[in-house]
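To keep things clear, I will list the structure first and then write my remarks on it.
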Amino acid sequence: VIEEALKEARVNLEEIDLIAVASQPGLIGSILIGLNTAKALSFALDKPYIGINHVEAHLYAAMMGEKNLIFPALGVVISGGHTMLLKILEIGRYEKIGTTIDDAIGESFDKVASILDLGYPGGPEVEKLAKTGVSTRYNFKAGVTKKNPFDFSFSGLKTKVLYTVKGQSAKKHFSTIIKSEDKKHIAASFQRCAFEDVIKKSILAIDEFDMKAIYLGGGVTNNRTLRGMFDNKNLPIPLFWPEKDLSLDNGAMIAGLGYHKFKKTFKSDAFDLLAQTSIANF
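Using the working numbering, read the sequence shown as starting at -14 and increasing by one per residue.
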């Protein structure tokens, strides 16, 4: 992979000035392989390296190519593993406003896709099916989070879809009790409900914390319905979305954020930097 990237960029290892690597969060095996490779290259080439939080990099992906960044801003992370609202003070400085207390939004899309016997990953499959459905056919609701109004809960929403498709107290392997044509309406109604919850809490956060812009990151930002629903709100502050190729996990956002962080200190991370399966610095 490294050789292919160098070939495409038309550079060699000796021309690289900095090595940036995702060090958290994620599956420990993948993180360890990447981190240890970066450390080895750093040592062998005598080049600095820096570990990057890949969730933070998702937000940075929406900033890439923007000359004038606006802060304080609301950061909205919506991916397969995370659903978070953050106050962005500047690149590298964040205050957590809310997070999921159970399923992440992307995870709930995958689970609903499985319930509806769709493919994987579930996000694009649910979006595709929902295009032909009526989003108000089913009155689904996202979970209420009592401790923090900016937190998210999608587990109950997913369970409601399961019961609608396979009956009360059903399990995922139970037979479907709805008509085949109802699936598109369920997909559309689920999608609308999940996105309405994200948008509602984003708007609350904008007002509560006096945000000047919104930066959105994560694979779910690819969803065209989500983008349209945000646009329809005619918010008084600008929204920044990542390019499609930068919305999923990618090396460009890691490299870009690594550059921004490194130029502040010009210090390499220590070789005892540990891989983290969960977010350690938000």
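Quick reminder that beta carbons are idealized off the backbone N, C-alpha and C, glycines included. Note that the structure is a prediction, hence the values are computed from the model and not measured.
Query, Result
"Exposure of Tyr123, with buried meaning 16 or more beta-carbon neighbours within 10 Å", "buried"
"Beta carbon of Lys132 nearer than 8 Å to that of Leu142", "no"
"The region 96 to 114 contacting the region 159 to 173, beta-carbon criterion three pairs below 8 Å", "yes"
"C-alpha gap between Arg209 and Ser27, whole angstroms", "40 Å"
"Local conformation of Val61 per DSSP, three classes", "strand"
"Whole-angstrom distance between Asp31 and Gly107, CA atom to CA atom", "43 Å"
"Start-end ranges of the beta strand (DSSP E) lying completely within the region -9 to 58, minimum 3 residues", "4 to 9, 34 to 38"
"Cβ-based burial, Asn53 [other Cβ within 10 Å; buried from 16]", "exposed"
"Given 8 Å, three or more beta-carbon pairs between the region 15 to 27 and the region 44 to 58", "no"
"The region -7 to 11 / the region 258 to 265 touching (three or more Cβ pairs under 8 Å)", "yes"
"The alpha helix (DSSP H) enclosing Gly202, as first and last residue numbers", "Gly202 -> not in any alpha helix (DSSP H); beta strand (DSSP E) instead, spanning 199 to 202."
"Contact test: Ser99 Cβ vs the ligand ATP heavy atom, cutoff 7 Å", "The ligand ATP is absent from the structure shown, which contains no ligand whatsoever."
"Anticipated Cβ contact below 8 Å, Ala46 with Ser232, distance rounded", "7 Å"
"Residue nearest to Ile239 in terms of C-alpha spacing, selected from Arg(-5), Ala5, Glu(-12), Lys72", "Ala5"
"Simplified DSSP assignment, three categories, for Gly91", "helix"
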